[in-house]
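In the UniProt record's numbering, the protein residues as written are 1 to 905.
Okay, so here's the structure we're looking at.
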């Protein structure tokens with residue numbers, strides 16, 4: 001996998017459009033949500049993202065048989081034939097033909113022996129099969145035989161029977177008539193139905209509800225549980241359990257039986273599992289993105305979903321209004337909603353004109369600014385989602401929804417107030433105003449004693465709820481951000497908040513938003529806001545006192561794992577954190593008056609920071625000294641893996657001397673920090689930038705390390721030497737930029753170095769290719785004294801990308817110098833005034849060369865004919881102008897054969 005510089009896995013469904021797939025692929029490659037709407041723009045953005053990169057793309061579940069669609073889909077990829085790969089998985093042989101696959105692999109059916117091994121590893125996971133009765137083994141082998149060598153059916157039924165001890169239950173699965181059902185000849189479907197019928201009734205209900213989601217939809221566990229609760233699908237608790245806990249048990253049981261599978265952040269249903277959910281949900285659930293609305297049985301529909309912008313015109317909403325038994329209404333966003341939906345408010349009024357037993361109502365992402373007062377007639381409503389809408393106010397009638405359990409207003413930036421009688425919603429369990437414009441909470445919010453989730457609470461002293469209203473909400477759990485703490489005027493209010501009694505809260509943020517502070521008042525108030533010791537993560541933002549509260553570091557039994565101190569500009573010292581035995585991460589930013597980190601930071605114990613993995617200091621503008629723990633003599637930090645010190649311009653004192661577990665060290669913009677570095681025997685990544693006082697990296701640091709793989713040194717104008725004796729044999733990536741005085745040691749070989757970037761290294765006069773036998777990427781820029789690149793008989797056979805720019809003294813390339821660079825894919829030459837010709841240096845023989853870019857080479861007069869090119873750029877080369885004339889030019893035929901060209905000679 002390391003061969004690929006960029007990777008994407010896109011789970012697509014049979015009905016996915018090319019535009020949808022392209023957006024999904026782009027988002028996966030960039031790891032962020034694209035705001036591009038039109039298809040052409042998406043393809044341009046995707047092509048730009050992949051240019052010059054080796055990528056791996058997996059299209060999982062691709063079912064489109066239209067080869068024209070495939071040609072359109074692959075347009076951003078066609079010019080990147082540089083070792084990149086596209087893998088498509090499908091259940092349809094015709095798809096392989098349509099996409100003209102170079103290699104088609106048909107996973108074989110499992111042998112009887114392999115099927116039994118797979119089945120037994122799931123069915124007998126809790127104990128060895130030999131310890132089970134002989135009867136179960138015999139029945140199991142019959143079941144395996146009926147699975148027909150299909151892995152998914154084998155795994156599913158094995159997982160299903162894992163918790164079953166009764167041989168009669170195994171026999172029922174083996175002899176079920178559902179084995180005889182077929183769906184287009186798909187025996188696996190019959191097997192999955194057989195696994196479904198073994199579920200208890202409440203799990204069947206929960207699973208079939210999931211048919212409402214689009215295929216490939218990421219399922220957020222907590223949200224799904226609230227949807228199940230709203231629909232009344234969960235079994236009643238007989239032991240005082242919360243409904244949320246019962247829902248989590250149901251969810252985990254479905255995961256264990258492979259009805260859901262876990263991704264990095266969320267959960268997904270395999271396409272075939274989704275088809276099973278659709279099958280068992282029948283006419284009760286309609287997803288209009290797959291169905292013809294004219295076929296809907298009005299009297300039977302309980303749940304409807306669709307893609308926004310497709311089935312939400314007034315005509316369709318008139319139809320929805322006739323669904324008298326509708327319980328769930330849930331549109332899904334695909335692309336930004338088209339402007340024509342601006343009249344959606346009127347359509348919603350139409351939908352609600354007739355009474356309905358709606359339990360779940362979502363208008364999330366719609367451009368709706370007002371909600372009709374008729375929403376108050378939905379007395380059965382339990383779940384209302386208005387997230388990411390431009391809604392400006394909520395009608396007072398919403399407070400009549402006494403059964404409402406979840407009110408989601410996430411990202412409603414234009415919403416500034418909640419209804420004054422929100423406290424009447426006594427059954428509310430989830431109120432989420434994160435990212436909204438809410439400026440104060442309504443009065444008497446403390447009456448909402450059932451609240452389990454309140455991610456954000458805005459403190460007010462102007463007619464709204466004060467922080468003391470939190471006192472009665474003993475069931476709060478998850479995260480809580482308390483904003484506008486400058487509005488807490490009395491310590492009694494802070495004490496009444498009762499945070500120390502809220503044992504289920506795992507994350508708390510304290511946030512002041514005023515630019516001016518009352519130091520004494522804020523010190524007193526903050527002392528009263530001590531959270532429970534079960535807290536895992538604490539964030540403190542813009543605290544204006546001079547001293548952090550004593551409770552922050554005094555509780556050695558605390559379970560706190562992460563601490564964030566941000567913009568606490570008046571604090572003169574850090575809290576005593578060294579003895580918090582579970583603390584793993586510390587992030588300290590903009591504590592601008594702090595001058596010294598001393599013994600108080602470590603505490604009074606023997607070994608400080610025994611569990612800490614990451615510590616980061618940033619924007620500490622007056623920090624000068626970091627002294628070790630003088631009381632015990634131990635520096636601590638024995639397990640520290642990552643250390644960041646960024647923009648601390650006055651820091652002079654040395655860092656801790658020995659960091660035996662450190663894996664990553666980043667020091668940037670520390671202009672006065674000396675070059676006394678710690679001993680870091682396991683360091684793998686080093687980044688130093690903007691450290692003007694650095695003269696040489698510590699020999700102690702470099703010589704005791706044999707693990708370093710990545711080094712980036714930049715903007716260190718005084719740096720003269722880097723001891724490379726030990727690390728040159730392990731480095732895979734080296735970047736040196738704007739270190740004008742650095743003297744490079746020519747004698748060292750770099751046998752595993754793959755990427756090398758040298759920028760503005762004035763002392764570099766010659767460069768020996770022989771020292772870098774495994775190099776894949778080489779970039780040399782702005783090296784004004786570089787005169788020669790010394791080649792060998794076997795120049796860089798693994799080199800794929802070469803960039804030479806603005807090296808005014810670089811001599812001409814020698815004959816055949818490029819001929820052995822047999823992997824070269826991209827060559828970029830810019831601002832090389834000595835370059836007169838590229839003929840004879842060997843690039844015309846490189847079948848791997850796909851991209852050639854030449855800019856501002858004013859003396860370049862000739863090019864070779866390179867038949868393998870997919871892209872050619874020539875700019876600012878006036879002597880080549882006549883060679884590119886359309887009819888008479890020497891290179892006109894070559895240019896016409898290249899798919900992508902930019903010629904501005």
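Quick reminder that beta carbons are idealized off the backbone N, C-alpha and C, glycines included.
Close Cβ partners of residue i (< 8 Å) along its chain, the five nearest in sequence each way excluded
i, result
"residue 676", "654, 655, 698"
"residue 771", "746, 748, 749, 750"
"residue 884", "874, 891, 892, 895, 903, 905"
"residue 684", "663, 664, 707, 708, 709, 710"
"residue 27", "33, 34"
Best match in the options for proximity to residue i [C-alpha to C-alpha]
i, options, result
"residue 902", "871, 881, 548", "871"
"residue 62", "422, 112, 272", "272"
"residue 409", "110, 859, 369, 373", "369"
"residue 858", "8, 808, 820, 152", "808"
"residue 280", "510, 199, 57, 584", "199"
"residue 102", "84, 237, 109", "84"
"residue 816", "790, 800, 806, 810", "790"
"residue 452", "430, 485, 757", "430"
"residue 308", "325, 774, 330", "330"
"residue 618", "570, 607, 670, 583", "670"
"residue 383", "834, 111, 432, 651", "432"
"residue 415", "421, 401, 400, 440", "440"
"residue 822", "648, 197, 510, 843", "843"
"residue 371", "357, 353, 380", "353"
"residue 641", "607, 399, 614", "614"
"residue 263", "217, 455, 201, 305", "217"
Exposed unless 16 or more other CB atoms sit within 10 angstroms - verdict on residue i
i, result
"residue 911", "With the chain covering only 1 through 905, there is no way to say anything about residue 911."
"residue 825", "buried"
"residue 501", "exposed"
"residue 906", "Absent from the structure is residue 906, since the part of the chain shown begins at 1 and ends at 905."
"residue 97", "exposed"
"residue 269", "buried"
"residue 987", "Limits of the chain in this structure are 1 at one end and 905 at the other, which puts residue 987 out of reach."
"residue 239", "exposed"
"residue 109", "exposed"
"residue 888", "exposed"
"residue 325", "exposed"
"residue 426", "exposed"
"residue 320", "buried"
8 Å contact criterion, which residue i and residue j should meet: CB distance rounded
i, j, result
"residue 42", "residue 19", "7 Å"
"residue 708", "residue 731", "6 Å"
"residue 505", "residue 480", "6 Å"
"residue 436", "residue 411", "7 Å"
"residue 287", "residue 212", "7 Å"
"residue 795", "residue 769", "5 Å"
"residue 847", "residue 868", "5 Å"
"residue 906", "residue 460", "The requested residue 906 is not part of the displayed model; the chain covers only 1 to 905."
"residue 438", "residue 458", "6 Å"
"residue 276", "residue 192", "5 Å"
Cβ-based neighbour list, residue i, same chain, cut-off 6 Å, excluding 5 preceding and 5 following
i, result
"residue 366", "344, 389"
"residue 60", "11, 89"
"residue 644", "616, 666"
"residue 876", "855, 856"
"residue 728", "748, 750"
Contact set for residue i: own chain, Cβ-Cβ below 7 Å, skip 5 residues either direction
i, result
"residue 139", "167, 170, 171, 174"
"residue 338", "Caution is warranted here: a pLDDT of 49 is assigned to residue 338, below 50, making its placement in the model unreliable, and the coordinate value is therefore given only provisionally. 309, listed in sequence order."
"residue 397", "373, 375, 376"
Residue i: CB within 8 Å of a non-hydrogen atom of the ligand ATP
i, result
"residue 561", "You won't find the ligand ATP in this model; it holds no ligand whatsoever."
Ordered list of beta strand (DSSP E) runs contained in the UniProt domain "NB-ARC" (3–127), each at least 3 residues: 6–11, 55–60, 85–89
Unbroken stretches of the beta strand (DSSP E), 3 residues or longer, contained in the region 672–715: 685–689, 710–714
Complete alpha helix (DSSP H) runs within the region 519–572 (minimum length 4 residues, chain order): 519–527, 551–554
Runs of beta strand (DSSP E) wholly within the region 608–633 (minimum 3 residues, chain order): 614–618
Entirely enclosed beta strand (DSSP E) segments - the region 372–437, minimum 3 residues: 383–385, 406–408, 430–432
Length at least 3, wholly inside the region 808–855: the beta strand (DSSP E) runs in chain order: 826–830, 851–855
Those runs of the alpha helix (DSSP H) which lie wholly inside the region 433–512 and span at least 4 residues: 491–496
Whole runs of the alpha helix (DSSP H) within the UniProt domain "Disease resistance protein winged helix" (212–277), excluding any shorter than 4 residues: 221–231, 243–256
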